[in-house]
Amino acid sequence: MILRKYYPTIVLSDIHLGSEHSRTEEVTRFLKHVDCDRLILNGDIIDGWQLKKSGKRWKQKHTDFFKVLMKMMEKRGTEIIYVVGNHDDFLDSLAPFKFSNISIVKDYLLKTRQGKRYFVTHGDIFDTVTTHMRWLAMLGDMGYTFLLWLNKVYNHRRERQGKPYFSLSQEVKHRVKSAVSYISEFEKELVRLAEAKHLDGIICGHIHQAANVWYGNVHYLNSGDWVESMTSLVEDEQGEWDIVTYNNVQLYADAV
Numbered sequence: 001m002i003l004r005k006y007y008p009t010i011v012l013s014d015i016h017l018g019s020e021h022s023r024t025e026e027v028t029r030f031l032k033h034v035d036c037d038r039l040i041l042n043g044d045i046i047d048g049w050q051l052k053k054s055g056k057r058w059k060q061k062h063t064d065f066f067k068v069l070m071k072m073m074e075k076r077g078t079e080i081i082y083v084v085g086n087h088d089d090f091l092d093s094l095a096p097f098k099f100s101n102i103s104i105v106k107d108y109l110l111k112t113r114q115g116k117r118y119f120v121t122h123g124d125i126f127d128t129v130t131t132h133m134r135w136l137a138m139l140g141d142m143g144y145t146f147l148l149w150l151n152k153v154y155n156h157r158r159e160r161q162g163k164p165y166f167s168l169s170q171e172v173k174h175r176v177k178s179a180v181s182y183i184s185e186f187e188k189e190l191v192r193l194a195e196a197k198h199l200d201g202i203i204c205g206h207i208h209q210a211a212n213v214w215y216g217n218v219h220y221l222n223s224g225d226w227v228e229s230m231t232s233l234v235e236d237e238q239g240e241w242d243i244v245t246y247n248n249v250q251l252y253a254d255a256v
């Protein structure tokens with residue numbers, strides 16, 4: 001018997017299925033060991049940019065991920081809300097769409113168990129590079145992909161030396177002044193949106209930087225990613241939010 005951890009709401013984003021750096025097996029295994037009433041897939045779940053590149057193919061592990069989603073809907077009654085991001089913008093033309101327990105939307109208004117209201121958006125529309133200079137965004141994506149490759153090589157060497165995993169790209173984000181400034185401005189822009197809409201908080205993804213912070217009376221939440229950090233946002237039964245990291249979650253034997 002599988003003991004699954006229950007959360008009313010789970011938010012995942014930036015899985016990037018199709019990218020060689022996606023931690024597809026890990027996120028699939030995570031979903032097998034949790035139960036939720038509502039699963040929000042907050043953008044960049046499928047990486048259309050990577051799949052368009054020559055040699056990139058849809059693999060069985062990607063299909064397995066969606067099979068788990070189907071089981072969650074059919075056997076556990078989970079409602080799935082897919083919020084479109086920039087890497088899966090080929091779904092834009094479908095939104096809004098609803099069939100059975102699944103919805104495809106551009107944004108979503110979430111009401112928590114405490115009665116608080118959160119605006120859910122991937123966040124790319126608040127990134128001027130993504131919205132106005134797509135070519136530059138794709139160039140930046142190439143640089144990030146190279147950094148992830150370098151990170152993989154570096155950590156393979158560390159593993160052979162018996163050293164723990166170390167994220168180069170996260171270190172770059174923390175050390176490079178422009179990256180820190182970009183993240184800060186991104187957060188503030190979203191907070192201003194929540195204030196303008198008179199909401200309690202904002203839930204986003206996009207920048208691969210998990211966060212659970214307050215800006216005055218506005219709660220800013222970012223679900224992180226499943227490329228490096230393998231993080232999720234979870235709402236507990238009291239309506240409180242937390243960031244869950246895959247490496248820190250106790251998983252039991254794989255569900256059938």
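Position one of the sequence shown corresponds to residue 1 (full-length UniProt numbering), numbered consecutively onward. We put the beta carbon where it would ideally sit given N, CA and C, even for glycine. Everything numeric in this text was worked out from a predicted model, so none of it was measured.
Assumed close pair residue i, residue j - CB separation to whole angstroms, cut-off 8 Å
{"i": "residue 78", "j": "residue 72", "result": "4 Å"}
{"i": "residue 225", "j": "residue 13", "result": "7 Å"}
{"i": "residue 30", "j": "residue 246", "result": "6 Å"}
{"i": "residue 194", "j": "residue 218", "result": "5 Å"}
{"i": "residue 83", "j": "residue 122", "result": "6 Å"}
{"i": "residue 205", "j": "residue 223", "result": "5 Å"}
{"i": "residue 258", "j": "residue 68", "result": "Any question about residue 258 goes unanswered here, given that the chain covers just 1 to 256."}
Alpha-carbon to alpha-carbon, residue j and residue i
{"i": "residue 46", "j": "residue 115", "result": "31 Å"}
{"i": "residue 98", "j": "residue 160", "result": "48 Å"}
{"i": "residue 242", "j": "residue 59", "result": "32 Å"}
{"i": "residue 203", "j": "residue 89", "result": "19 Å"}
{"i": "residue 42", "j": "residue 209", "result": "14 Å"}
{"i": "residue 221", "j": "residue 52", "result": "31 Å"}
{"i": "residue 152", "j": "residue 240", "result": "35 Å"}
{"i": "residue 198", "j": "residue 103", "result": "25 Å"}
{"i": "residue 26", "j": "residue 65", "result": "10 Å"}
{"i": "residue 86", "j": "residue 5", "result": "31 Å"}
{"i": "residue 244", "j": "residue 233", "result": "6 Å"}
{"i": "residue 117", "j": "residue 107", "result": "13 Å"}
{"i": "residue 126", "j": "residue 37", "result": "29 Å"}
{"i": "residue 207", "j": "residue 49", "result": "16 Å"}
{"i": "residue 57", "j": "residue 15", "result": "16 Å"}
{"i": "residue 227", "j": "residue 211", "result": "16 Å"}
{"i": "residue 190", "j": "residue 235", "result": "20 Å"}
Proximity to residue i [Cα-Cα], best of the options
{"i": "residue 32", "options": "70, 107, 187, 42", "result": "70"}
{"i": "residue 9", "options": "247, 228, 237", "result": "237"}
{"i": "residue 165", "options": "212, 112, 229", "result": "229"}
{"i": "residue 120", "options": "11, 183, 213", "result": "11"}
{"i": "residue 40", "options": "49, 81, 68", "result": "81"}
Buried versus exposed, by CB contacts within 10 Å (16 or more), residue i
{"i": "residue 156", "result": "exposed"}
{"i": "residue 124", "result": "buried"}
{"i": "residue 44", "result": "buried"}
{"i": "residue 93", "result": "exposed"}
{"i": "residue 105", "result": "buried"}
{"i": "residue 186", "result": "buried"}
{"i": "residue 74", "result": "exposed"}
{"i": "residue 23", "result": "buried"}
{"i": "residue 18", "result": "buried"}
{"i": "residue 109", "result": "exposed"}
{"i": "residue 290", "result": "The first residue shown for the chain is 1 and the last is 256, placing residue 290 beyond what the model contains."}
{"i": "residue 213", "result": "exposed"}
Residue i beta carbon near the ligand SAM (any heavy atom closer than 7 Å)
{"i": "residue 21", "result": "Although the ligand SAM was asked about, the structure shown includes no ligands whatsoever."}
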